[in-house]
RNA sequence: GGCGCGUUCGUAUAUCGGCUAGUACUCAAGAUUUUCAUUCUUGCAAGACGGGUUCGACUCCCGUACGCGCUACCA
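Numbering (this note's numbering), first residue to last: 475 to 984.
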């Protein structure tokens with residue numbers, strides 16, 4: 475990371491969602507990259523709410539987004555709910571600010587007022603193919619350019635609704651110097667006179683609010699999704715119109731997250747249809763009542779989600795995959811971000827989840843396992859849970875799967891797996907098990923490490939087949955031919971429980 | 001349609017003109033294990049296509065194809 479940061483300028487980045495629903499997993503990645511970048515450069519991470527479209531506001535979305543980041547471990551330095559010296563951070567609370575800058579553009583002749591109604595525009599588009607409100611058409615429309623000053627004022631005072639449009643000079647090449655994509659040049663002639671402000675709700679559109687806020691909040695780097703690349707030239711033009719080109723932030727447009735198979739970007743609707751969540755947390759839609767699953771509720775570890783997401787579009791340049799947040803902060807580099815869209819391959823995420831379970835201590839995993847045990851009605855001492863976890867955690871991809879792998883440690887089998895019985899409970903099984911019970915009854919030290927050699931010796935002396943004896947015995951304890959090392963199980967169960975299980979199986983199966 | 005961005009194994013990617021294009025996930029096979037797993041080993045599998053530039057191109061340039069994004073008084 476060399477010339478993408480200016481030493482004289484403090485690094486300040488923002489994540490600025492619009493509260494129209496749950497936070498999309500692609501948005502999480504965008505926020506993550508902003509976060510990594512900010513932390514690496516000792517900069518600030520801002521949380522701004524872009525609620526300039528009152529019609530699409532969804533109650534609860536803001537809290538949902540905030541809670542998502544708390545769960546994921548991405549923290550902000552300032553913004554909505556965090557405070558800071560550049561507020562307010564909710565765009566709906568910055569109306570007067572925008573109005574001031576809109577007027578500035580109007581006075582400078584860089585913008586104009588347009589009275590065309592949405593219906594009129596729609597009709598125009600239906601009438602003229604590829605109609606665009608720009609230099610070639612603006613003089614045929616109802617706006618302050620075609621109307622006299624008096625007519626314009628009369629319309630406004632008369633209560634006519636209007637919008638303010640950005641006047642774009644055609645024929646000039648606009649350069650966007652992107653940190654990921656390099657130099658992107660677009661001719662201004664293909665840009666339309668974008669609506670910057672609407673009188674209907676006295677709110678700006680994204681484009682205006684975005685530039686004004688980023689400028690006022692002294693944002694140094696705009697790291698956002700590729701879907702914004704086409705409008706980046708417009709943003710550059712706006713910075714120029716305001717005379718802010720010298721402090722214009724640097725841009726970095728991230729590649730999109732694509733569906734695992736098929737075409738198109740990963741969308742909110744893909745949700746559970748594809749078998750995995752697209753939201754960090756479960757979302758209950760307040761209007762439709764529809765429930766969309768979330769990674770947290772589906773038992774994914776936040777670190778695993780973060781790690782997986784970080785590598786979808788970026789890599790440290792070596793083969794390292796499992797990284798802590800701090801390592802990612804140290805290694806992150808916008809120049810190492812890929813340019814092409816990344817398919818969302820959740821198989822790899824499952825693998826990451828496994829890796830993260832393995833990397834946690836048995837105590838940590840045990841703590842996460844406790845709620846599952848409680849749900850199953852098991853109230854075991856914590857140290858026993860820790861031991862159980864140590865025995866089976868390498869077998870699972872999810873915390874809840876621990877139960878299927880160690881339930882027999884806490885609950886004696888009530889039935890015996892048919893396949894296991896067929897394979898191991900035959901011929902002399904009952905006989906040897908009964909004999910083994912007698913042998914075990916005589917043992918005083920039941921710890922696995924002392925018991926194992928003794929049992930093996932006993933087996934050898936009697937000329938038994940080790941596999942047959944041990945597996946038959948296993949079935950009586952576990953209920954199936956599965957589970958960890960048998961002496962780890964007897965150790966865990968203890969003498970009393972071990973013998974009780976074996977004898978009960980004997981009475982049922984014999 | 002227009003404009004922009006992109007294109008290495010099925011997936012995520014490494015390679016910043018030069019050994020048999022590496023790694024991880026997935027999948028398959030084998031080994032290990034008293035069970036089931038784990039683990040280990042091995043294998044499968046890629047530079048969209050066509051032109052250039054060059055002693056030499058996955059890497060640079062042009063074109064084509066394909067994919068994606070944008071094209072709202074949504075962000």
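In this text, a Cβ means the ideal position worked out from N, Cα and C, and glycines have one as well. Here the structure is a predicted model, which is why all the values come from computation and not from measurement.
Enclosing alpha helix (DSSP H) for residue i [first to last residue]
{"i": "residue 822", "result": "820-833"}
{"i": "residue 975", "result": "960-983"}
{"i": "residue 543", "result": "535-546"}
{"i": "residue 778", "result": "776-784"}
{"i": "residue 881", "result": "875-884"}
{"i": "residue 802", "result": "799-805"}
{"i": "residue 713", "result": "706-716"}
{"i": "residue 948", "result": "940-952"}
{"i": "residue 906", "result": "903-915"}
{"i": "residue 955", "result": "Counting along the chain, residue 955 falls outside any alpha helix (DSSP H), and DSSP gives it neither H nor E."}
{"i": "residue 843", "result": "836-849"}
{"i": "residue 894", "result": "892-898"}
Residue i versus residue j: straight-line alpha-carbon distance, rounded
{"i": "residue 576", "j": "residue 788", "result": "38 Å"}
{"i": "residue 623", "j": "residue 572", "result": "23 Å"}
{"i": "residue 565", "j": "residue 636", "result": "20 Å"}
{"i": "residue 894", "j": "residue 955", "result": "5 Å"}
{"i": "residue 593", "j": "residue 669", "result": "15 Å"}
{"i": "residue 467", "j": "residue 633", "result": "For the chain, the structure presents residues 475 to 984; residue 467 sits outside this window and is missing."}
{"i": "residue 531", "j": "residue 867", "result": "43 Å"}
{"i": "residue 680", "j": "residue 739", "result": "22 Å"}
{"i": "residue 481", "j": "residue 860", "result": "49 Å"}
{"i": "residue 858", "j": "residue 966", "result": "8 Å"}
{"i": "residue 605", "j": "residue 591", "result": "15 Å"}
{"i": "residue 806", "j": "residue 654", "result": "13 Å"}
{"i": "residue 692", "j": "residue 716", "result": "14 Å"}
{"i": "residue 699", "j": "residue 963", "result": "52 Å"}
{"i": "residue 952", "j": "residue 875", "result": "16 Å"}
{"i": "residue 982", "j": "residue 909", "result": "17 Å"}
{"i": "residue 889", "j": "residue 870", "result": "23 Å"}
{"i": "residue 1010", "j": "residue 781", "result": "Residue 1010 falls outside the range modelled here, since the chain spans only 475 to 984, and no answer is possible."}
{"i": "residue 827", "j": "residue 856", "result": "23 Å"}
{"i": "residue 492", "j": "residue 626", "result": "33 Å"}
{"i": "residue 554", "j": "residue 885", "result": "49 Å"}
{"i": "residue 973", "j": "residue 798", "result": "45 Å"}
{"i": "residue 722", "j": "residue 694", "result": "7 Å"}
{"i": "residue 841", "j": "residue 793", "result": "32 Å"}
{"i": "residue 850", "j": "residue 887", "result": "14 Å"}
{"i": "residue 496", "j": "residue 760", "result": "11 Å"}
{"i": "residue 673", "j": "residue 657", "result": "36 Å"}
{"i": "residue 684", "j": "residue 570", "result": "15 Å"}
{"i": "residue 476", "j": "residue 834", "result": "Note that residue 476 scores 43 on pLDDT, short of 50, meaning its location in the model is unreliable; the coordinates nonetheless yield the value given after this. Between residue 476 and residue 834, the C-alpha separation is close to 35 Å."}
{"i": "residue 829", "j": "residue 822", "result": "10 Å"}
{"i": "residue 494", "j": "residue 535", "result": "6 Å"}
{"i": "residue 701", "j": "residue 839", "result": "39 Å"}
{"i": "residue 927", "j": "residue 917", "result": "12 Å"}
{"i": "residue 945", "j": "residue 749", "result": "37 Å"}
Beta-carbon proximity list for residue i, same chain, < 7 Å, skipping 5 on both sides
{"i": "residue 776", "result": "545, 546, 547"}
{"i": "residue 785", "result": "795"}
{"i": "residue 958", "result": "865, 866"}
{"i": "residue 843", "result": "859, 863, 873, 876"}
{"i": "residue 620", "result": "613"}
Beta bridge counterpart(s) of residue i as assigned by DSSP
{"i": "residue 564", "result": "523"}
{"i": "residue 638", "result": "587, 671"}
{"i": "residue 661", "result": "647"}
{"i": "residue 678", "result": "671"}
{"i": "residue 747", "result": "BP columns for residue 747 are empty, so no partner."}
{"i": "residue 766", "result": "757"}
{"i": "residue 788", "result": "811"}
{"i": "residue 732", "result": "739, 817"}
{"i": "residue 518", "result": "486"}
Range of the contiguous beta strand (DSSP E) that encloses residue i
{"i": "residue 511", "result": "Element bounds for residue 511: not the beta strand (DSSP E) but the alpha helix (DSSP H), 499-514."}
{"i": "residue 727", "result": "724-728"}
{"i": "residue 699", "result": "695-699"}
{"i": "residue 486", "result": "486-489"}
Own chain partners of residue i with C-beta closer than 6 Å, once the 5 adjacent residues on each side are dropped
{"i": "residue 608", "result": "666, 667"}
{"i": "residue 768", "result": "751, 753, 754, 755, 756"}
{"i": "residue 791", "result": "810"}
{"i": "residue 852", "result": "884"}
{"i": "residue 618", "result": "586, 587, 626"}
{"i": "residue 558", "result": "552"}
Own chain, CB closer than 8 Å to residue i, minus 5 neighbours either side, in chain order
{"i": "residue 711", "result": "640, 642, 648, 662, 665"}
Starting from the N-terminal side, write out each stretch of the beta strand (DSSP E) that is 3 residues or longer and does not extend beyond the segment 577-621.
Taking 3 residues as the minimum length, the beta strand (DSSP E) runs contained wholly in the segment 577-621 are 585-588, in order along the chain.
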